[in-house]
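Below is one structure, written out as structure tokens; the observations come after it.
Written as structure tokens, this is what we have:
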């Protein structure tokens, strides 16, 4: 019986084709179970998120404060004008794709503000089904296409226009995103590279994965972030920084 080599197995040992086949079957079973669990969770959480919308709508700057308490998003919100514009944000909603819930559209609902006329800004992460693979779901709601899902291959982030009230208020124009440049000293400076937060909407793609962070972390944990106790909050980030400095001092 032929063997798979160390490079193929990834562990420096020989492994039989039968063992590899059994491992791959287990991976597919696990993937399937995780899809079922995620979709059940989404179904159970949906009415709770709707109740939350009504409650937090009465709290001034709820979403702006929740964003600002997230360690990663905080890096993209150093611009004072971005902070001011987000102060008019009254609601954030994530709409999941009916066929593939890992695809979604972000909806940002704004009060009247001095920056743009739009009441809603959307960022769609459009699902592109794999060709030749069925999207018909079984009794558990899992399709062959769902099991074949790859974010890089099957998600296409879309751009949307913003109707700025005048050029002096056009934050995307005033603070454009920079192209990655290894020779640029700011290449590792996230907020310098990303420019205005609102570039997220007007550009195709999402090279900094801001939308993913919002949909998968900030949105489900919004109350915790608002209260300053989110799982990836500023306090946790500062604690990690302090530990890193202490480890450096010990060396």
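Residue numbers (this note's numbering): 50 to 300. Where is the CB? At the ideal position from N, CA and C, for every residue including glycine. Remember, predicted model here, so these are calculated numbers, not experimental data.
Could you check how far apart the C-beta atoms of residue i and residue j are, in whole angstroms? I think they sit under 8 Å.
i           : j           : result
residue 172 : residue 154 : 7 Å
residue 205 : residue 177 : 5 Å
residue 191 : residue 278 : Not confirmed; about 34 Å, so no contact.
residue 246 : residue 115 : Not a contact, Cβ separation roughly 14 Å.
residue 218 : residue 163 : 6 Å
residue 302 : residue 220 : The requested residue 302 does not occur in the structure, where the chain is confined to residues 50 to 300.
Whose C-alpha, out of the options, is nearest the C-alpha of residue i?
i           : options            : result
residue 89  : 216, 266, 150, 267 : 150
residue 111 : 125, 159, 69       : 159
residue 147 : 263, 215, 91, 273  : 91
residue 156 : 163, 174, 225      : 174
residue 129 : 199, 152, 244, 262 : 244
residue 215 : 199, 166, 283      : 166
residue 257 : 227, 65, 105       : 227
residue 139 : 103, 85, 203, 221  : 103
residue 224 : 118, 126, 77       : 126
residue 170 : 109, 77, 118, 207  : 207
residue 282 : 109, 263, 188, 118 : 118
residue 182 : 197, 83, 168, 189  : 197
residue 259 : 272, 273, 242      : 242
residue 203 : 186, 254, 222, 187 : 254
residue 187 : 84, 73, 63         : 84
residue 273 : 168, 180, 201, 105 : 105
residue 189 : 107, 73, 78, 113   : 78
Along the chain, where does the beta strand (DSSP E) that runs through residue i open and close?
i           : result
residue 157 : 153–159
residue 140 : 138–145
Taking residue i as part of the alpha helix (DSSP H), name the residues at either end of that continuous run.
i           : result
residue 122 : 120–123
residue 105 : 66–105
residue 129 : 129–135
residue 282 : Run containing residue 282: none; DSSP gives neither H nor E here.
residue 117 : 111–117
Is there at least one Cβ from chain B nearer than 8 Å to residue i's Cβ?
i          : result
residue 76 : As a matter of chain content, chain B is missing from the structure shown, which is built from one protein chain.
For the ligand ADP, is there a heavy atom less than 7 Å away from the beta-carbon of residue i?
i           : result
residue 248 : The ligand ADP is absent from the structure shown, which contains no ligands of any kind.
Any 3 or more C-beta pairs closer than 8 Å across the stretch 137–152 and the stretch 86–102: yes
Segment contact, 8 Å Cβ cut-off, at least three pairs: the stretch 256–271 with the stretch 118–126: yes
Entirely enclosed alpha helix (DSSP H) segments - the stretch 196–271, minimum 4 residues: 200–203, 220–223, 239–243, 248–251, 259–262
Inter-stretch contact (C-beta, 8 Å, three-pair minimum) for the stretch 249–264 and the stretch 205–220: yes
Segments of 4+ residues assigned as alpha helix (DSSP H) that fall wholly inside the stretch 160–198: 193–196
At least 3 beta-carbon pairs within less than 8 Å: the stretch 129–136 vs the stretch 66–79: no
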